[in-house]
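K.L.:
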Amino acid sequence: HTGWIEVVCGSMFSGKTEELIRRIRRAEYAKQKVKIFKPAIDVRYDESDVVSHNKNAVESTPVQHAIEILPLATDFEVIGIDEAQFFDEQIVEVCNTLADQGKRVILSGLDMDFQRNPFGPMPALMASAEYITKLHAVCMSCGEPAQYSYRTAASEDKVLLGEQEAYEARCRKCYLEGEAEK
Ligand code: ADP
Ligand code: MG
Ligand code: ZN
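In terms of full-length UniProt numbering, the sequence shown opens at residue 14 and continues consecutively.
#1: Closer than 5 Å from C-beta to any heavy atom of ligand 3: which residues, in chain order?
#2: Below 8 Å on the Cβ atoms is my guess for Ala150 versus Ser24; work out the distance and round it to an integer in Å.
#3: Between which two residues does the beta strand (DSSP E) containing residue 225 stretch?
#4: Could you pull the start and end residues of the beta strand (DSSP E) that Ser141 belongs to?
#5: Which residues in the same chain as Asp62 place their Cβ atom closer than 8 Å to its Cβ, once the five residues preceding and following it in sequence are excluded?
#6: Please work out which residues of its chain come closer than 7 Å, Cβ to Cβ, to Ala179, disregarding the five sequence neighbours upstream and downstream, and give them in chain order.
#7: Note down the Cα distance separating Ala193 from Cys184, rounded to an integer number of angstroms.
#8: When every heavy atom of ligand 2 is checked, does at least one fall within less than 7 Å of the C-beta of Lys51?
And the structure:
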């Protein structure tokens, strides 16, 4: 049998990691063999664990390049990948190979960067996926559903790791209002 690819996307604080952890836990209850990877760049909370903003955590393996995932995934039925936006373009091929081998691949990642551009390999991953879930955070200005990661810190770097001190979730209206004030 073949597997499939699931993508969980959305802004920061939208609950992507929480949702990834929820799906992984349920696979574990079903006695499936599960392994989780994350890009080595993401060390905000822990060197190896995948941790959500509310401090929910599961063990994971940090890898530098997407291609390293293939040999490490051999013995597992369900593969979780967090912060997928930080991986190189080869992640798409890697995920398709894993799914072709019969594995369930669950990816979570930011669909847009703080400038509202598609983030890294996420568009291609979403195109390859059988299932896509887009989550929303709560807008920190007005309380409506938020789809943007608004950067409050002054830095133009595409990758600026951080959370409450550097970013907040904003809806379209409040994102635009913030940009107009800058
Ligand atoms: P993501 O991986 O998408 O960044 P997480 O799963 O790590 O999100 O965190 C989701 C959690 O973040 C929520 O359950 C909540 O406790 C917390 N949180 C903080 N700020 C917000 C916000 N503006 N909207 C929604 N949740 C928020
Ligand atoms: Mg996350
Ligand atoms: Zn708003």
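Backbone N, C-alpha and C fix where the C-beta goes; we use that ideal spot for every residue, glycine too.
P.N.:
If we stick to the structure as given:
#1: Listed along the chain, these residues meet the criterion: Cys152, Ser154, Cys155, Glu157, Cys184, Cys187.
#2: So it is a contact: roughly 5 Å between Cβ atoms.
#3: Residue 225 is absent from the model: the chain starts at 14 and stops at 195.
#4: No beta strand (DSSP E) holds Ser141; the alpha helix (DSSP H) holding it covers 135-141.
#5: Setting aside the 5 residues that flank it on each side, Asp62 is surrounded in the same chain by Ala70, Val71, Glu72, Ser73, each with a C-beta closer than 8 Å to its C-beta; the list follows chain order.
#6: Shown here for Ala179: same chain residues with a beta carbon closer than 7 Å to its own, the five before and five after excluded, namely Arg164, Thr165, Ala166, Leu173 in chain order.
#7: Answer to the nearest angstrom: the Cα atoms are 14 Å apart.
#8: Every heavy atom of ligand 2 is 7 Å or more from the Cβ of Lys51, so no.
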